[in-house]
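Top to bottom, those sequences are chains A and B.
Under our numbering, the residue at position 2 of the first sequence is numbered 2, and the numbers go up by one with no gaps.
Under our numbering, the residue at position 230 of the second sequence is numbered 1230, and the numbers go up by one with no gaps.
Right, one structure below, let's go through it.
There are 2 protein chains.
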Amino acid sequence: MKITRSSTLVPFVLAAIFAFPALVRDAGAQAAPDFATLEATENAANAKAGPRTVPGRSIPVPNTVSPELQALIAAPYRVPNWNANPKSAAEWKELVNRLAAAAATAQKGVREKLGVTLESSTIGGVRVFILSPKEIPPANRNRLLVHVHGGGYVYGPGESGTGEATLMAAFGGFKVISIDYRMPPDHPYPAAMDDAMAVWKEAVKMHDPRNMAIFGTSTGGGMTLAMILRAKQEGLALPAAIAPGTPWSDLTETGDTYKTNEWVDNVLVSYNGVWRHAAELYANGHDLKDPQISPIYGDFTGFPPAILTSGTRDLFLSLTVLTHRKLRRAGVEADLQVFEGMAHAQYNFDPFLPEAKEVFTEIASFFDKHLGK
Amino acid sequence: MKITRSSTLVPFVLAAIFAFPALVRDAGAQAAPDFATLEATENAANAKAGPRTVPGRSIPVPNTVSPELQALIAAPYRVPNWNANPKSAAEWKELVNRLAAAAATAQKGVREKLGVTLESSTIGGVRVFILSPKEIPPANRNRLLVHVHGGGYVYGPGESGTGEATLMAAFGGFKVISIDYRMPPDHPYPAAMDDAMAVWKEAVKMHDPRNMAIFGTSTGGGMTLAMILRAKQEGLALPAAIAPGTPWSDLTETGDTYKTNEWVDNVLVSYNGVWRHAAELYANGHDLKDPQISPIYGDFTGFPPAILTSGTRDLFLSLTVLTHRKLRRAGVEADLQVFEGMAHAQYNFDPFLPEAKEVFTEIASFFDKHLGK
């Protein structure tokens, strides 16, 4: 309930405050005004050109997605993941390692259920994990994918960052190298990019880059784009395709859905949570608009074909569509898939989500179209 | 300001109500609580699985789009277009004709500026307009597009419905037939679809359907999809491609962005405005889930390649992505383009919008790929 309707409501409001303060504190979402009241209030508030005024609301779980995705959309905010604000390197490590330990345990169970195996290795001096499906279809025998995990440049060390690589191995039937790049607080920019490029440089010596693709979600999507920029700069071979999933292509607070989907996306919730702190921790004084940090500011000319994925509730929906448009304007073949009701990267959250299988099957089909054999 | 924070605010709230009632009525968007307060309130309100609770907010105009699109995004709600509730056939006609007269006058100026000519004609007994660009490029000389206008099955009669056809003629270099289909209150379902199909039947006698495409936005996007369903049913030739722009593919209130983008989209604003009334007026007692009325419930197998367009603030973003996914699941080649910050169909609102040119250039390029010459 907002004090925006009419002063005739004041007596009721007062009575309610004094009689049931706890109830009233909760009433923002529960006691929605009737439509005629909202219509009048919002028409008045939006009668002039300027920012858009929207009322506080309770937004139902959509019935237009699978029951599994409905459960993810209905889930509470992830506290402390979204809003942590560690004050020291030690606090960062404690948080990250605690979350990573739980995730790594969960990943093990997922791999077993999906028949994917993991082995540790080192490529170009960088720690990697190699994910292999139970069986690699003949068309993919000479193909190899490189995966860069997400997590805001702070989350996802070690095995905890391999979840998406497992799903791609399982649903796409590919062998995947997942890069366990170094991260802050000990290793800020450019350590992550240096590691990713060291792996790429070595990988293209062992495999034909025309049979390879790079993919990753969120921070991994941003790094995928930054890797292409850097490979172009350094004159390295490019992969035959890329799949930046809801890429963190701009580490500044730029993009309309940072606002329209704030509080709606139950994964990232708001830029002003941990993400702002993580961006600063990672950049470590470098300009956040450096294209190696925010690749949206780079030149996408000559990029390989790309398939991008997001959801209608994703805080990074704008970053995804801005990246898509910029690729198209640069003449790059670029496909976009946006999933109903999905918040940030939820296709990586439940291996038995029908929409997850759909996401990775589409990406695999896109790779199949563009990769040599 | 919401009464959701703490009862310690009560004295201030009371004082403000009594001292400045008008100011307080406006305060929902203006006096935003600080982030720490919002964080605590929203974490508490979203701590359990269920609907999402979001605070009332002021959403700035994004700086990530052209100045022309910024002006459209900043524009006030369109009253009475979005929230009219005519009580009789006479009231509907008065509203529709008044808006149409203004729009038709504007269209004339746009055609002159873009060098597009309009002639009236009749095809299959149905009134149409033929839009021709100043020059048709050689590749498009044997191509012909069919356009179905938008407007919730109530708005856009006569020349007022030809704006999108003008843009496609100008930016794509195509000859376009725009169908002036009959509408309620005098002619509810299935008159509009009967007219559209009468034109299509006749058009494929005059032109090779392999050189033809059908396109339209909103209601016109829904009708484009319904036309393919009906052409399949009746064993008629299909066009080589379609471009349903932010299609009203479901006339029931189904789709997550009907809620997440409610009050955010300054064009449609809310399903509970005129659109609910228009849906009922058009269906005239027929089941709203009849695939001829809500084509999302139809079988998309065998559809021609499709390119869909929407925006991140579009109330119909869900309908667009649900339609896109359903097409892909049916094995149809389907491209999706989503524009940053754009509300419903704003690419049709300003012929000098850079994003409008981009939308129609992408559609033209998609048609060029799929249409014979």
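Virtual Cβ for every residue (Gly too), placed ideally from N, Cα, C.
Exercise. For A/T301, which residues of its own chain have a beta-carbon under 6 Å away from its beta-carbon, when the five flanking residues on both sides are left out?
Worked result: Cβ within range, chain order: A330.
Exercise. Would you call the CB atoms of B/R1078 and B/V1267 closer than 8 Å?
Worked result: Yes, the Cβ-Cβ distance between B/R1078 and B/V1267 is below 8 Å.
Exercise. For B/M1183, does the three-state DSSP call read helix, strand or coil?
Worked result: coil
Exercise. Do you know whose CA, among B/T1217, B/A1032, B/L1336, B/A1047, lies nearest B/S1058's CA?
Worked result: B/A1032
Exercise. For the putative contact between B/P1247 and B/T1320, defined by C-beta atoms under 8 Å, what is the C-beta separation to the nearest angstrom?
Worked result: 7 Å
Exercise. Tell me which same chain residues have a C-beta within less than 8 Å of the C-beta of B/E1042, skipping the five on either side of it?
Worked result: T1053, V1054, P1055
For this session: List the residues of chain A that B/W1263 touches, going by C-beta distances under 7 Å, in chain order.
Result: E42, V54, P55
For this session: Check whether the Cβ atoms of B/A1334 and B/L1308 lie closer than 8 Å to each other.
Result: Cβ atoms of B/A1334 and B/L1308: closer than 8 Å.
Exercise. Sorted by chain position, which residues of the same chain lie with C-beta nearer than 6 Å to B/A1237's C-beta, five sequence neighbours on each side aside?
Worked result: V1204, P1209
Exercise. Is B/L1315 near B/D1265, with beta carbons less than 8 Å apart?
Worked result: yes
Exercise. Under the three-state reduction of DSSP, which class applies to B/T1041: helix, strand or coil?
Worked result: Assignment of B/T1041 by DSSP, reduced to helix, strand and coil, places it in the helix class.
For this session: Taking B/R1049 as the query, report the chain A residues whose CB atoms sit under 9 Å from its CB, ordered along the chain.
Result: Note on residue identity: the sequence assigns Ala, not Arg, to residue 1049 of chain B. The contacting residues are V61, A71, A74, A75, P76.
For this session: Say whether chain A places a C-beta atom closer than 8 Å to the C-beta of B/N1211.
Result: With its beta carbon at least 8 Å from every one in chain A, B/N1211 lies outside the interface.
Problem set entry | As assigned by DSSP and simplified to three states, the class of A/R325 | helix
Exercise. In terms of alpha-carbon separation, which member of A/D350, A/S121, A/S310 lies closest to A/A103?
Worked result: Closest by C-alpha distance to A/A103, out of A/D350, A/S121, A/S310, is A/D350.
Exercise. In the region 248–302 of chain A, which residue ranges form an unbroken alpha helix (DSSP H) of at least 4 residues, counting only runs that do not cross its ends?
Worked result: Fully enclosed alpha helix (DSSP H) runs of 4 or longer: 257–260, 274–283.
Exercise. From the beta carbon of A/F395, is the nearest beta carbon of chain B less than 8 Å away?
Worked result: The displayed coordinates of chain A run from 1 to 373. Any statement about residue 395 of chain A would go beyond what the structure contains.
Problem set entry | Rounded Cβ spacing between B/A1084 and B/V1274 (contact assumed at less than 8 Å) | The Cβ separation is near 5 Å, so the contact holds.
Exercise. Are the C-beta atoms of B/V1321 and some chain A residue less than 8 Å apart?
Worked result: Chain A, which has a Cβ nearer than 8 Å to the Cβ of B/V1321, makes this yes.
Exercise. Using DSSP with H/G/I as helix, E/B as strand and the rest coil, what is A/V204?
Worked result: helix
Exercise. Got a sec: which bits of the region 239–267 of chain A sit with their beta carbon under 7 Å from any beta carbon on chain B, in order along the chain?
Worked result: Within the region 239–267 of chain A, the residues whose Cβ lies closer than 7 Å to some Cβ of chain B are T254, G255, D256, T257, K259, T260, W263, V264, N266, listed in chain order.
For this session: Output, in sequence order along the chain, the residues in the region 1332–1363 of chain B whose CB is closer than 8 Å to any CB in chain A.
Result: D1335, L1336, Q1337, V1338, F1339, E1340, G1341, E1358, E1362
For this session: Please say whether B/M1223 and B/A1196 have beta carbons closer to each other than 8 Å?
Result: yes
Exercise. So is B/T1312 in contact with chain A if we call contact Cβ pairs under 8 Å?
Worked result: Yes, its Cβ sits closer than 8 Å to a Cβ of chain A.
For this session: Give a yes or no on whether the minimum CB-CB distance between A/R328 and chain B is below 8 Å.
Result: True, the Cβ-Cβ gap to chain B drops below 8 Å.
Exercise. Which residues, taken in chain order from the region 1163–1185 of chain B, show a beta carbon closer than 7 Å to some beta carbon of chain A?
Worked result: none
For this session: Verify whether the separation of the beta carbon atoms of A/T219 and B/T1312 is less than 8 Å.
Result: no
For this session: Answer with yes or no whether the minimum CB distance from B/E1039 to chain A is below 8 Å.
Result: yes
Problem set entry | Proximal residues of chain D, C-beta to C-beta of B/S1318 below 9 Å | Among the protein chains in the structure shown, which are A and B, there is no chain D.
Problem set entry | Same chain, Cβ closer than 7 Å to A/A279, neighbours up to 5 away in sequence not counted | Cβ neighbours of A/A279 beyond the five flanking positions: L251, L288.
Exercise. Cβ of B/V1079 less than 8 Å from any chain A Cβ?
Worked result: yes
Exercise. Residues of chain B with CB under 7 Å from A/S218, in chain order?
Worked result: Chain B residues near A/S218: none, gap ~18 Å exceeds 7 Å.
For this session: Examine chain A for any beta-carbon lying closer than 8 Å to the beta-carbon of B/F1035, and answer yes or no.
Result: yes
Problem set entry | Collapsed DSSP secondary structure at B/F1174 in the structure displayed | coil
Problem set entry | C-alpha gap between B/Y1153 and B/S1249, whole angstroms | 13 Å
Exercise. Leaving out five residues before and five after A/E159 in sequence, what residues of the same chain have Cβ atoms less than 6 Å from its Cβ?
Worked result: A104, Q107
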